[in-house]
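Enquirer: Residue numbers (the numbering used here): 376 to 1365.
Where a beta carbon is used, it is the ideal one built from N, C-alpha and C, also for glycine.
Only a predicted model underlies this, so the values are computations on that prediction, with no experimental measurement involved.
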């Protein structure tokens, strides 16, 4: 492409629904085949649509139109509409809203609306749904104000801005057939002036009834035979169609800098009006069209001879084609050679959406390097001097190579009333595609329902099968450009083949766990180690390797060997099982792994470690300096190993029940889970105890340890170790750490007390209590170390499964460590953690992917059918709660409303709320204030308020001697009642 002029606009997103094509890919395939998408209706179909027989039986009736499927369906729940409100909204606006979401999502800018100003420039046609369906339903359809809000064209742009949370300009553009291309021009100007950073531009058009044709009028716009053949000798006019189309625009320099997919570049555009220089208001003007084309060419700054394709307005009418061709011929001149086409031959005339649909066609032609065909074309219309011009119409697709200058196209759209628009497009700069320097990818998806999540998963899988975008770009796009919903799925994989296979399995899916996005680190203790732990990370992750190298160097003097040799070179399991080696090895690996997680943006809000793992937590919290911690852990391991040998046994019993069974010489060394403890003692005593437990049917397992840790057998080294630790400076923890000794948060005094750290190797590990404390906090739990021991223990607590995940998996089930970490990252995301997917600093591209799978249901008022039954006032025998429940169900359009559901969360709004209050007043005769629904937004609380007011109204009036009260009482009496009352008073006086 040419150098960026500073005024270039990138087209970075496309979306639409068209007759016979549910999306942009479907449209492009239809265009390449030149297949018209309009439908021809049978008499039965026309009759079913309500077309009178005397109408469709006329000889001039043409039963053809472009049908859009499922316009009666909409995902109301996704956008927060009640069923009743969804049925009141113009289906054009519903269609545009869904397409706007898809367009912005496909562009990669839906999740950035807090950081970017996104503008909306939109158009719809007149609401035939209002005219033919809602108004025919009468007052039961809704109030005049409700119908206005749901169907006025002014609301289409602001509706999108509201539901998508867009803060740029939201403008409705109405210039008849040219509306959507004018919207593109206005959006581009807004980008260049800085009014917005991203812009949506497009339109939606629906004509009802969907399956109906039109009368042919000689010399009119519509075709006699139901076929649109622009510029052809046999052309007789246009055919109507329904559809919606939207483009997403950005300043070119921004799009290139952010790695957007750029379909084409708008080099220049222009808009004008014919004024009075034509034969009538609805007629086109040669001079007006020439002027707008030349203005756009001048704005683009390109030689018209280099434009190789023109997407014309091209209606196929005799007058329209003749004037348009004359304008093109004069504006472009004889230089160059360019194809001429019109998307209306495929989709029909989409009214206000026609211009942007033509733009999308030209954009795809430039992007893919194909000149779209016009298979209907046989010969130019005799009134068009095509033979002596630079234009031709190609009946077959043609390759469009780059020769000398970039591929360029132009697009015209002309509206009734004379507003003309013209746009000049250019091929985008080629971008090299590269795979990631890493080999692991995490694909993430989310949806508002499980059904939508499954559909999203299947769509992504099919997309990966059909396309060849680098998997790193696919992962990056999913991770950073999509909004996150409660139903989620994460897949970790090495390559495309594995991704496709794992998506078929549907692994790692969940609803959002109850976390606040924070993470707690869990550091395992002795017994989880294995030769080679961390080997792949050491070889491939500089941050991990740096910490391992520093730790191994600092420990060499304490251990008399290099830990890296033990772990990675020799893989000496016997040496690694020695406590004096095990504990420092675990410490260094877990510390290095924690640093790697922190480098990737996962930072702990709290920490807990099991036995020696508590030292890793304390070091990261700042209690120990790194080298001091290494010296202390090495001394701890050596002293513990020096004690007499012992044995340890895992027992599946609660701590208190187990304590009642303990024989002499056997102690509880750890309470790990609600029903899982560890006992320790001399080997012979442990063996005997295990035999007695099994005889009683209690499950127990011998642990591979050499000593009875955390029992009185460690007592001889406690004082000595405390003395050793006292030689170091200890600090207050900067991050909360849980104590193995107390089962509660480590306080500042204990953290700084050498005697605490000595007691810690002697006292039982109260990990179950620590886990409960962590689970009381809204953290996701990440095991930072080898194996899954702590993850397994935590998951034995209620509601902990989705919140906890290991980092490296189990050695018994070999899994590459980087892939294991990628899986863990995905599970953290499932649990609600805000992952910084860009922490590695690698720059990736945004690529178009399948968009959200809306779960549409039918929300439609058939002609003459009310929006909801016009229910009579509730029967007197209903309680206030029952009456309110009936009123809510009736007005919300939801048959089953629970008493504790919030009115506004169900999709209610202030306008509907006023109707609720009015109906309650009428039904129950209670003077309910207008604010009642805001103060008591559930059926239960509102019913309580109503009952209190009714009770107050039933209280007998207090006697009052005031003159106003007396006069009011007299006025309320009939003459006979007044005479009787006076007679009664006279008798009382006498």
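Do the stretch 629-645 and the stretch 732-743 make contact, defined as three or more Cβ pairs closer than 8 Å?
Expert: With the cut-off at 8 Å, the stretch 629-645 and the stretch 732-743 touch.
Enquirer: Touching or not, the stretch 538-547 and the stretch 500-511, by the rule of three or more beta carbon pairs under 8 Å?
Expert: Taking 8 Å as the limit for Cβ pairs, the verdict is that the stretch 500-511 does not touch the stretch 538-547.
Enquirer: Candidates 1324, 867, 700, 944: which alpha carbon is nearest residue 659's?
Expert: Among 1324, 867, 700, 944, the Cα nearest to that of residue 659 belongs to 700.
Enquirer: Figure out for me which residue from 734, 1280, 1176 has the closest Cα to the Cα of residue 399.
Expert: Among 734, 1280, 1176, the Cα nearest to that of residue 399 belongs to 734.
Enquirer: With DSSP as the reference, label residue 607 as helix, strand or coil.
Expert: Note: residue 607 maps to strand in three-state DSSP.
Enquirer: What are the boundary residues of the beta strand (DSSP E) that includes residue 798?
Expert: Where residue 798 is concerned, the enclosing beta strand (DSSP E) stretches over 794-801.
Enquirer: Provide the residue(s) that pair with residue 1370 in DSSP beta bridges, ordered along the chain.
Expert: Only positions 376 to 1365 of the chain appear in this structure, which leaves residue 1370 out of reach.
Enquirer: Helix, strand or coil for residue 918, going by three-state DSSP, please let me know.
Expert: DSSP places residue 918 in helix when its eight states are reduced to three.
Enquirer: Is the beta carbon of residue 667 less than 8 Å from the beta carbon of residue 865?
Expert: Their beta carbons are not under 8 Å apart, which means residue 667 does not touch residue 865 by this criterion.
Enquirer: Taking DSSP's pairing of strands, which residues face residue 597 in a bridge?
Expert: For residue 597, which the question treats as bridged, DSSP gives the partners 613.
Enquirer: Which residues bound the alpha helix (DSSP H) around residue 738?
Expert: Looking at the DSSP string, the run of the alpha helix (DSSP H) that includes residue 738 is 729-743.
Enquirer: Among 1221, 710, 589, 650, whose alpha-carbon lies nearest the alpha-carbon of residue 854?
Expert: For the residues 1221, 710, 589, 650, the minimum Cα distance to residue 854 belongs to 1221.
Enquirer: Just to confirm the assignment, what range does the beta strand (DSSP E) spanning residue 957 have?
Expert: Note, residue 957: premise wrong, no beta strand (DSSP E); alpha helix (DSSP H) at 954-974.
Enquirer: May I ask you to list the residues that DSSP assigns as paired with residue 1120?
Expert: 1113.
Enquirer: Per DSSP, residue 641 forms a beta bridge with which residues?
Expert: According to DSSP, residue 641 bridges with 384, 800.
Enquirer: Assuming residue 961 and residue 909 form a contact by the criterion Cβ under 8 Å, report the distance between their Cβ atoms to the nearest whole angstrom.
Expert: About 10 Å separates the two Cβ atoms, so there is no contact after all.
Enquirer: Does the Cβ-Cβ distance between residue 448 and residue 1238 come in under 8 Å?
Expert: Result no, Cβ atoms of residue 448 and residue 1238 do not sit closer than 8 Å.
Enquirer: Could you check what DSSP says for residue 555 in three-state terms: helix, strand or coil?
Expert: Residue 555 falls in the helix class under three-state DSSP.
Enquirer: Kindly list the residues whose CB is nearer than 6 Å to the CB of residue 1268, restricted to its own chain and excluding five residues on each side of it in sequence; keep chain order.
Expert: Closer than 6 Å at Cβ, skipping near neighbours: 457, 458, 459, 1243.
Enquirer: Report yes or no: do three or more beta-carbon pairs, one from the stretch 1029-1048 and one from the stretch 1005-1020, lie closer than 8 Å?
Expert: The answer is no - the stretch 1005-1020 does not touch the stretch 1029-1048, with fewer than three Cβ pairs under 8 Å.
Enquirer: On a Cα-Cα basis, can you pick out the residue from 721, 709, 940 that is closest to residue 762?
Expert: The shortest C-alpha separation from residue 762 is found at 709.
Enquirer: Compute the beta-carbon to beta-carbon distance between residue 604 and residue 691, rounded to the nearest angstrom, for a pair I have assumed lies under 8 Å.
Expert: Yes, they are in contact, since the Cβ atoms of residue 604 and residue 691 sit about 5 Å apart, within 8 Å.
Enquirer: In the DSSP assignment, what are the bridge partners of residue 571?
Expert: Paired residues: none, contrary to the question.
Enquirer: If you follow the beta strand (DSSP E) that residue 1076 is part of, which residue opens it and which one closes it?
Expert: Here the beta strand (DSSP E) through residue 1076 covers 1075-1077.
Enquirer: Report buried or exposed for residue 819, applying the criterion of at least 16 other Cβ atoms within 10 angstroms of its Cβ.
Expert: Residue 819 is buried by the Cβ-count criterion.
Enquirer: Quick check: the Cα distance between residue 712 and residue 766, rounded to an integer number of angstroms?
Expert: The straight-line gap from Cα to Cα measures roughly 6 Å.
Enquirer: Note down the Cα distance separating residue 1045 from residue 894, rounded to an integer number of angstroms.
Expert: Whole-angstrom Cα-Cα distance: 24 Å.
Enquirer: Which value, in whole angstroms, describes the spacing of the CA atoms of residue 1143 and residue 1114?
Expert: In a straight line, the C-alpha of residue 1143 is about 11 Å away from that of residue 1114.
Enquirer: Any idea what DSSP makes of residue 716, helix, strand or coil?
Expert: Here residue 716 sits in strand by DSSP.
Enquirer: Are residue 798 and residue 635 touching if we call contact CB-CB under 8 Å?
Expert: In this structure, residue 635 does not lie closer than 8 Å to residue 798 by Cβ.
Enquirer: Which of helix, strand or coil does DSSP assign to residue 704?
Expert: It is helical.
Enquirer: What did DSSP end up calling residue 1246 once you bin it into helix, strand or coil?
Expert: Bear in mind that a pLDDT of 47 at residue 1246, under 50, signals an unreliable position, so the number given afterwards is only what the model happens to contain. Residue state, collapsed to three classes: coil.
Enquirer: Within 10 angstroms of its Cβ, does residue 560 collect 16 or more other Cβ (buried), or is it exposed?
Expert: With 16 or more other Cβ atoms within 10 Å, it is buried.
Enquirer: Suppose the cutoff is 6 Å on Cβ atoms and the five residues either side in sequence are ignored; what does the same chain contact list for residue 1168 look like?
Expert: Cβ within range, chain order: 1047, 1048.
Enquirer: Determine whether the beta carbon atoms of residue 840 and residue 875 lie at a separation below 8 Å.
Expert: Contact: yes.
Enquirer: Does the stretch 668-676 come within contact of the stretch 584-599, defined as at least 3 CB pairs closer than 8 Å?
Expert: No: fewer than three Cβ pairs fall under 8 Å.
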